[in-house]
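Chemist: Attaching a single structure in structure tokens format; questions to follow.
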Amino acid sequence: MSSDWPHDPDGEQGSEGMRKFDMRIIADKVDEAEDFPMDVVEFVEEHGDDPIRINHQKVVAMSDIFEYIDDEEFETILDMHKAVGAAMREGDFWDYHPKGANPEKKHA
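Here the sequence shown is numbered in UniProt numbering, starting from 1 and rising by one per residue.
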């Protein structure tokens, strides 16, 4: 574990031994019944330094992903998922996301 992270990226609060990745780790930080509507700034202040495993090689701070989100509030968990997915694509966090008219196929 890097001493730069508040907890082990692959521990219980992270990928659980690389069994969970990106959106799933973020979704596990919220309670759908209790946390929505959600103030995005407060959420990032609380969890922004948390490590998010993107794939077997890459771990980023949650705040790096949320830099690509302009919303101030998420009404529902679905709104959060849509915004996080768009941010992951815009920030090129997913290296297997196809682009262009004739994209090279990359497997997850």
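Don't be surprised by glycine CBs; every beta carbon is placed ideally from N, CA and C.
None of these values were measured; they are calculated from a predicted model.
Please list, in chain order, all residues of the same chain as Trp-94 whose beta carbon is under 6 Å from its beta carbon, the five residues on each side excluded.
Modeler: Met-88
Chemist: In three-state terms, what does DSSP make of Trp-5?
Modeler: In this structure, Trp-5 counts as coil in the three-state DSSP scheme.
Chemist: Tell whether a beta-carbon distance below 8 Å holds between Ile-65 and Val-59.
Modeler: no
Chemist: From what residue to what residue does the alpha helix (DSSP H) around Ala-87 run?
Modeler: 77 to 90
Chemist: Is the CB-CB distance between Glu-75 and Phe-43 below 8 Å?
Modeler: no
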